[in-house]
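**Q** Here the numbering used here is used: the first residue of the sequence shown is 31, the next is one more, and so on.
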Amino acid sequence: MGEMEDLCVTECTRCPALVDSRSRIVNGTGPEDADMVFVGEGPGAQEDADGEPFVGRSGTVLDDGLRTVGLARDDIRITNCVRCRPPENRDPHKAELENCRGYLERELDRLDPDVIVTLGKVPSEHLLGRSVAVTKEAGSVEDVRIEGTPRRVLICIHPAATLYDRSQEETFENALQRAAELADVEGSEGGQTRLDGF
Ligand code: URA
């Protein structure tokens, strides 16, 4: 089995409600040597249909935001806390998050990124293991141990939050800007491609 293949979950029946609601398992996308991993909550309708994370409206907001701060989506890894679409787009339950935690940890372990960007409250709390006031804390960086390994987590609001409240656009972009700066600092050897002047 190739390295990427074993990052792909192809069969899982741990969460009965999600097995019922999903059309497919949505795995992470992006290069295995990415310096940054963006972690969302779970697939929505479009992601469930296409089999890729962040390809719906939230994905468009994310892509636009990345471009604004000079980052290319092709250079980052994008994944989710749970890989199957929850019914009616509800938040994943605690047990579902825990059922899927090992897949995410394996992905983080393999990529060993310089920075993990958590998109929204669910992934922020899932990876930091505490409650997070995401709007207030967006843009802040926290060093934590995940599975015993020190990791740097940058808290960000969920891209969809900007669709409900336009005043959040600045918060979102500022957090992405911080991610871009971290990639520059951390990525001096073969770091992220910057699209300066693009
Ligand atoms: N929202 C998420 O959290 N993840 C996706 O993949 C799409 C929308």
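Each residue gets a CB set at the ideal place from its N, CA and C atoms; glycine is no exception.
Can you give me the Cβ contacts of R208 inside the same chain, cut-off strictly under 8 Å, excluding the 5 residues immediately before and after it?
**A** As a first step, residue 208 is located in the sequence shown; it is residue number 178 there, counting from the start. Once the five neighbours on either side are set aside, the close Cβ partners of R208 are G169, V171, L184.
**Q** If you follow the beta strand (DSSP E) that T179 is part of, which residue opens it and which one closes it?
**A** Your numbering for residue 179 matches position 149 in the sequence shown. Element bounds for T179: 179-186.
**Q** With DSSP run on the structure shown, which of helix, strand or coil describes E71?
**A** Locating residue 71 in the sequence shown gives position 41, counting from the first residue. Here E71 sits in coil by DSSP.
**Q** Less than 8 Å between the CB of N110 and some heavy atom of the ligand URA, yes or no?
**A** Here residue 110 refers to the residue found at position 80 of the sequence shown. It does: the Cβ of N110 is within 8 Å (strictly closer) of some heavy atom of the ligand URA.
**Q** Whose C-beta lies closer than 8 Å to the C-beta of T165 among residues of the same chain, with five residues either side of it excluded?
**A** In the sequence shown, residue 165 corresponds to position 135, counting from 1. The answer, listed in chain order, is I187, A191, Q198, T201.
**Q** I'd like to know whether the C-beta of A209 is nearer than 9 Å to at least one C-beta of chain B.
**A** Absence of chain B from the displayed structure is noted, only one protein chain being present.
**Q** In whole angstroms, what is the alpha-carbon distance linking A213 and P46?
**A** Here residue 213 refers to the residue found at position 183 when the sequence shown is read from its first residue. Here residue 46 refers to the residue found at position 16 when the sequence shown is read from its first residue. Spanning the two alpha carbons is a distance of roughly 38 Å.
**Q** Assign D93 to one of three DSSP states: helix, strand, or coil.
**A** Here the question's residue 93 lines up with position 63 in the sequence shown. In the structure shown, D93 sits in a helix (DSSP, three-state: H, G or I).
**Q** Taking contact to mean 3 or more Cβ pairs, one atom from each stretch, closer than 8 Å, check whether the region 112-123 and the region 89-96 are in contact.
**A** The region 112-123 vs the region 89-96: no contact.
**Q** If I follow the unbroken beta strand (DSSP E) through D173, where does it start and stop?
**A** Stepping through the sequence shown from its first residue, residue 173 is reached at position 143. Per DSSP, D173 belongs to the beta strand (DSSP E) from 171-176.
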